[in-house]
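Taking it in order: structure first as structure tokens, then the write-up.
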Amino acid sequence: MTLATYSFALPTRIEFGEGVVQNVGKEARLMGAGKVMLVADKGVIKAGLTQAVEKSLKESDIPFVVFDSIVPNPRDKDCHSGYELAKQEQVDFLVAVGGGSSMDTAKAIGVLLTHGGNIKDWCGFQLLEREITPLIAIPTTAGTGSEVTPFAVVTDSEQHIKLNVFDPKAAAKVALVDPTTLLKLPSHIMASTGIDAMTHAVEAYTCNVANPHTDAYALYAIDLIERNLRKAVTAPDLESCRGMMLGSTIAGIAFGYADVAAVHCMAEALGGRYDLAHGVANAILLPTVTEFNLSSDFEKHANVARAMGLNIAGMSTEDAAMEAVYGLQRLCEDVGIPKMKDIPEIDPADFQALSEASERNVSTPSNPRPITAKDYLELFKKAYTI
Ligand SMILES: [Fe+2]
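Just so we're aligned, residue 9 is where the sequence shown starts under the numbering used here, counting upward by one.
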């Protein structure tokens with residue numbers, strides 16, 4: 009389904025290309041930065057990915073403090089510790105370098121600097137009262153799309169569920185999207201984050217709040233990711249990294265301004281409970297849930313297969329739609345995603361609770377086929393047998 013009436017605006021300016029990361033100091037200066045908090049995880053810092061950022065900030069005479077206590081699936085309390093440091097250091101500008109965890113933590117710190125309270129108070133749809141502290145986002149993985157999305161995902165440390173600050177006021181002001189940051193990414197991270205990006209594109213395109221603009225972004229991203237992910241995982245070069253970085257940013261726009269759907273509802277339930285890599289959680293569910301959704305709109309799912317470049321000539325629309333499921337399954341296998349049943353943390357005894365958590369996810373109503381906790385339970389069970 010594609011909405012007939014909608015509005016579309018992007019609050020984030022995108023600067024794309026090799027070396028754009030070196031412009032961060034100039035950009036921050038132009039935007040009036042007084043003191044910057046550089047939000048980056050220890051792995052990103054150790055890999056040397058913040059060096060160019062620090063050099064650029066120094067050349068622009070912008071003082072900065074580093075916050076590196078970033079964890080995967082950032083929890084409310086992790087965001088609050090960053091906020092305390094930002095307050096103490098009188099920070100008025102944020103630069104995030106990393107994957108979704110760093111960028112989402114930075115957005116949450118920005119929310120707290122401008123709104124106070126508990127981050128959980130600001131989780132929900134368009135609850136912010138003003139724009140957050142200006143943020144420049146620099147992705148170092150090709151998956152999350154957080155550099156262009158209007159939300160921050162935070163894990164509630166008491167209830168073990170993922171919450172979402174969903175508001176264009178939380179978006180980065182500028183995204184510096186530099187494909188060279190991907191060249192040394194470990195292959196298993198390229199694989200899982202790449203499938204996350206593919207999931208964003210497929211769900212944005214097929215969900216029931218898609219609009220013609222997000223459809224255009226989603227189909228373009230599906231094509232880019234299908235053509236570049238295998239190469240980016242097995243033998244990354246500038247061309248495949250460029251394709252993946254474009255694919256994930258463009259998919260980020262698609263789902264940021266449409267939505268995700270049941271795959272993410274289930275993946276976020278898994279991530280809230282087990283601290284599983286988000287991309288892997290999506291990947292182990294993507295083919296099963298896509299098959300469940302086919303009947304909602306065979307034509308759109310056939311278009312997914314077409315965008316993936318699969319050979320659907322002469323097929324019925326239903327068969328062509330099913331090819332999308334097979335194609336997604338092949339892509340996950342080719343990039344080395346493990347089977348759900350081979351992931352030791354996942355315990356089928358938790359499927360009931362996970363299904364209920366999935367149903368409570370704010371994106372459940374966006375799934376193209378109506379879905380309940382009972383359906384989610386069947387899907388968890390089915391995905392576990394593959
Ligand atoms: Fe995702």
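From the three backbone atoms N, C-alpha and C, an ideal C-beta is built for every residue, glycine too.
With respect to residue 313, residue 332 sits close: the two C-beta atoms are nearer than 8 Å.
DSSP places residue 172 within a strand segment (E or B) once states are collapsed to three. A distance of 8 Å or more separates the beta carbons of residue 183 and residue 159. By the neighbour-count criterion, in which a residue is buried when 16 or more other Cβ atoms sit within 10 angstroms of its Cβ, residue 245 is exposed. Beta bridge pairing from DSSP links residue 45 with 73 and 102.
By alpha-carbon distance to residue 299, the top candidate from 356, 41, 279 and 383 is 383.
The region 192-212 makes contact with the region 275-292: 3 or more CB pairs, one atom from each, lie closer than 8 Å.
Under DSSP, residue 163 forms a beta bridge with 83 and 170. With a cutoff of 8 Å on beta-carbon distance, residue 162 and residue 103 are scored as not near each other. Straight-line spacing of the CA atoms in residue 339 and residue 227 works out to 16 Å. Annotation for residue 247: the continuous alpha helix (DSSP H) segment containing it runs 246-264. Remark: the shortest separation between the CB of residue 214 and any heavy atom of ligand 1 does not fall under 7 Å. Each residue's CA atom was taken as its position, placing residue 213 and residue 71 some 42 Å apart. For residue 299, the enclosing alpha helix (DSSP H) stretches over residues 294-301.
In the three-state scheme derived from DSSP, where H, G and I count as helix and E and B as strand, residue 344 is classed as coil. Judged by pairs of C-beta atoms under 8 Å, the region 16-24 does not touch the region 44-56, as fewer than three such pairs exist. A direct Cα-to-Cα measurement between residue 40 and residue 167 gives close to 39 Å. Annotation: the continuous beta strand (DSSP E) that includes residue 147 extends over 143-147. Spanning the alpha carbons of residue 251 and residue 262 requires a straight line of approximately 16 Å. Just so you know, the alpha carbons of residue 259 and residue 210 end up roughly 9 Å apart.
Looking at the DSSP output, residue 24 shares a beta bridge with 185. DSSP, reduced to helix, strand and coil, places residue 133 within a strand of the structure shown.
Within the region 278-338, the complete alpha helix (DSSP H) runs of at least 4 residues fall at 286-291, 294-301 and 306-315. With a 10 Å radius around the Cβ and a threshold of 16 neighbouring Cβ atoms, residue 303 comes out exposed. A Cβ-Cβ contact shorter than 8 Å links residue 127 with residue 84.
Assignment of residue 155 by DSSP, reduced to helix, strand and coil, places it in the coil class. Our two residues, residue 320 and residue 337, have alpha carbons roughly 16 Å apart in a direct line.
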